[in-house]
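Residue numbers (my numbering): 71 to 213.
Glycine included, C-beta positions come from ideal geometry on N, C-alpha and C.
Bear in mind that the values here come from a model prediction, so they are computed numbers and not experimental data.
Some notes on the structure that comes next.
Quick look at the structure:
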């Protein structure tokens, strides 16, 4: 294949990466095609079968070596939902809760699993404060 075909294919794949939410897969194949196009333009890429071999090796190797880092870098600014913002909120038990027992509470209009960490039982509808969050279980005590 002529060098300019590799360059066009590489640019096309890079453009495809931009317009698709693929997660940095096509990018490496576009870069591999561009690299083969540059090598072919300088006459160091060899016969056409070697072009395909170089394209395959460059693309796959760069995908394996750099994709994980690129994805981690691109998501560095994202934060997980802060469950700790629930600490201090008021929850209402939907059932009586003995000390140390699990039950259902309502918080912000949603039903949650909660553990009574107080020494006293909580009765249905009693105002309770969230003291911590363990996974999806709230720790509550009487207000």
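Look at residue i and residue j and say whether their C-beta atoms are less than 8 Å apart.
i           : j           : result
residue 165 : residue 194 : yes
residue 77  : residue 104 : yes
residue 124 : residue 109 : yes
residue 146 : residue 198 : no
residue 115 : residue 106 : yes
What is the rounded straight-line gap between the Cα of residue i and the Cα of residue j?
i           : j           : result
residue 185 : residue 137 : 42 Å
residue 202 : residue 211 : 10 Å
residue 179 : residue 98  : 46 Å
residue 72  : residue 100 : 16 Å
residue 89  : residue 135 : 23 Å
residue 174 : residue 213 : 17 Å
residue 129 : residue 205 : 40 Å
residue 144 : residue 102 : 21 Å
residue 80  : residue 158 : 54 Å
Roughly how far, in whole angstroms, is the beta-carbon of residue i from the beta-carbon of residue j, given that I think they are within contact range, below 8 Å?
i           : j           : result
residue 96  : residue 87  : 4 Å
residue 140 : residue 94  : 5 Å
residue 169 : residue 190 : 7 Å
residue 167 : residue 208 : Wrong, their Cβ atoms sit about 11 Å apart, outside the cutoff.
residue 183 : residue 192 : So it is not a contact: roughly 14 Å between Cβ atoms.
Which class does residue i belong to by DSSP, given the choice of helix, strand or coil?
i           : result
residue 91  : coil
residue 142 : helix
residue 75  : helix
residue 166 : coil
residue 102 : helix
Buried or exposed for residue i, going by 16 or more other Cβ atoms inside 10 Å?
i           : result
residue 131 : exposed
residue 188 : buried
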